[in-house]
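Residue numbers (the numbering used here): 878 to 986.
Okay, structure coming up:
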């Protein structure tokens, strides 16, 4: 792909004075192949996934899924699964908050 850069000479550009200068892409590898960058992984996501596997979180998640199934099977209901969702998020976040030493962060005494 070639990008074009406008060159301005002597002040403000006029359409007659504008020149289009092609800019070539830089090769990033020896063979012209782009190096694949390692995908960044958010450490909090890794800890959340581990915490979701604990017994307390799995129980809260099962209750949430049961609620979603129950509510989804009904056509007219005022019930929602807000309480179950908050219970699951609370359990997971509680676990994450106690996992801070794994990140090298010192907990308050």
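Note that beta-carbon positions come from the ideal geometry of N, C-alpha and C, so glycine has one too.
Among the options, the one whose alpha carbon lies nearest that of residue i
{"i": "residue 971", "options": "941, 948, 928 and 938", "result": "928"}
{"i": "residue 940", "options": "919, 952, 960 and 976", "result": "960"}
{"i": "residue 935", "options": "973, 974, 968 and 976", "result": "968"}
Separation of residue j from residue i, as counted between CA atoms
{"i": "residue 945", "j": "residue 965", "result": "13 Å"}
{"i": "residue 824", "j": "residue 957", "result": "As shown, the chain starts at 878 and ends at 986. That puts residue 824 outside it, with no answer to give."}
{"i": "residue 943", "j": "residue 952", "result": "16 Å"}
{"i": "residue 955", "j": "residue 913", "result": "49 Å"}
Residue range of the alpha helix (DSSP H) that includes residue i
{"i": "residue 925", "result": "920 to 928"}
{"i": "residue 914", "result": "No alpha helix (DSSP H) holds residue 914; DSSP gives it neither H nor E."}
{"i": "residue 976", "result": "Unbroken run through residue 976: none, as it is neither H nor E."}
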